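Asker: Take a look at this one; I'll ask things after.
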Amino acid sequence: MAANLDDRSDRSSETGGMAAVVDRNIAALLTRRQSEEKAKGLQERLADAITRFTGSMLFVYIHIVIFGLWILINAGFIRVIPRFDPSLVILAMAASVEAIFLSTFVLISQNRMQALADRRAELELHINLLAEHEVTRLITLVTAIAERMGIEESLNPELEELAQDVAPEKVLDRMSEVEKELVD
């Protein structure tokens, strides 16, 4: 028994005081993230790579150089290469086509990020509902113990209300009612 306590205190100091359950949760989340990353298809990986590159400063620098040279050449400031787009119409068209594709890649990435955020929100809601149920059960148990021991606080009328399970659909219905009242 003493060895177990020593092991826990050693591990606790190694992990900065975090409990083993926190370590386990972190490992589970990282493992899940890695498996989801491996499960991505070629198209998703390509869209991610393009979005990552186009959101970088390297992409900006490349465009500054290309657009800058294009404009300087076609404005006649650099005479090494003959002017090939004096009205800059081709540059404008190329930039427009590029913008169409880049916005599409950004939208693809945002859609996937939103789907991931939705899944995380659902997980968080589920965990919160489980925690609410557990707390309700604990209140019931502690109240019963307090009643048996004759503790006066066990007669607090709030405890009866707190000991009732919360029905999420009723909470959502009430939220809708309040929203409608505010709009009307």
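Under numbering that gives the first Met the number 0, the letters of the sequence shown match residues 0 to 183, in that order. Each residue gets a CB set at the ideal place from its N, CA and C atoms; glycine is no exception. The model shown is predicted, which means the values in this text are computed figures rather than measured ones.
1. State the Cα-Cα distance for the pair V134 and Y60, rounded to the nearest angstrom.
2. Count the other CB atoms, across all protein chains shown, that sit within 10 Å of the CB of A46; report buried if there are 16 or more and exposed otherwise.
3. Could you check whether V165 and E123 sit closer than 8 Å to each other, using their CB atoms as the reference points?
4. Along the chain, where does the alpha helix (DSSP H) containing E43 start, and where does it finish?
5. State the Cα-Cα distance for the pair L161 and I138, rounded to the nearest angstrom.
6. Determine the extent of the alpha helix (DSSP H) in which V21 is found, giving its start and end residues.
7. How close, in whole Å, do the beta carbons of F83 and N73 come, if the pair is a contact with beta carbons under 8 Å?
8. Applying the criterion that 16 or more other CB atoms from any shown protein chain within 10 Å of the CB defines a buried residue, is T50 buried or exposed?
9. Considering Cα atoms alone, identify which of V105, K39 and I99 is closest to G54.
10. Return helix, strand or coil for D172, following the three-state DSSP convention.
11. Suppose you measure from the CA of V21 to the CA of D172; what does that come to, to the nearest Å?
12. Looking only at its own chain, which residues have a Cβ that is under 6 Å from the Cβ of E146, when we skip the five neighbours before and after it?
13. Counting C-beta neighbours from all protein chains within 10 Å, is the total for T142 16 or more, i.e. buried, or is it exposed?
14. For the putative contact between L87 and I70, defined by C-beta atoms under 8 Å, what is the C-beta separation to the nearest angstrom?
15. Suppose you measure from the CA of L4 to the CA of I144; what does that come to, to the nearest Å?
Answerer: So, to answer that:
1. One-based indexing of the sequence shown puts residue 134 at position 135. One-based indexing of the sequence shown puts residue 60 at position 61. Rounded to the nearest angstrom, the two C-alpha atoms are 55 Å apart.
2. By one-based count along the sequence shown, residue 46 stands at place 47. Classification for A46: buried.
3. Position 124 of the sequence shown, counted from the first residue, corresponds to residue 123. Position 166 of the sequence shown, counted from the first residue, corresponds to residue 165. It is not a contact, given that the beta carbons lie outside the stated cut-off.
4. Indexing the sequence shown from 1 puts residue 43 at position 44. L41 to T53 is the span of the alpha helix (DSSP H), which, as asked, contains E43.
5. Position 162 of the sequence shown, counting from 1, holds the residue named residue 161. Position 139 of the sequence shown, counting from 1, holds the residue named residue 138. About 7 Å.
6. The residue given as residue 21 occupies position 22 in the sequence shown. Where V21 is concerned, the enclosing alpha helix (DSSP H) stretches over A19 to K37.
7. Residue mapping note: residue 83 aligns to position 84 of the sequence shown, counting from 1. Residue mapping note: residue 73 aligns to position 74 of the sequence shown, counting from 1. At roughly 7 Å, the Cβ-Cβ gap stays under 8 Å, so F83 and N73 are in contact.
8. The residue given as residue 50 occupies position 51 in the sequence shown. Label assigned to T50: buried.
9. Here residue 54 refers to the residue found at position 55 of the sequence shown. Nearest C-alpha to G54: V105.
10. Taking the sequence shown and counting its residues from 1, the one referred to as residue 172 is at position 173. Here D172 sits in helix by DSSP.
11. Your numbering for residue 21 matches position 22 in the sequence shown. Your numbering for residue 172 matches position 173 in the sequence shown. Going from the Cα of V21 to the Cα of D172 covers about 35 Å.
12. As a working note, residue 146 is residue 147 in the sequence shown. Cβ neighbours of E146 beyond the five flanking positions: S153.
13. As a first step, residue 142 is located in the sequence shown; it is residue number 143 there, counting from the start. T142 comes out buried.
14. For the purposes of this step, residue 87 is identified with residue 88 of the sequence shown, where counting begins at 1. For the purposes of this step, residue 70 is identified with residue 71 of the sequence shown, where counting begins at 1. About 7 Å; that satisfies the 8 Å criterion.
15. Reading the sequence shown from its first residue, position 5 is the one you call residue 4. Reading the sequence shown from its first residue, position 145 is the one you call residue 144. Here L4 scores only 46 on pLDDT, less than 50, and its place in the model is too uncertain to base an answer on.
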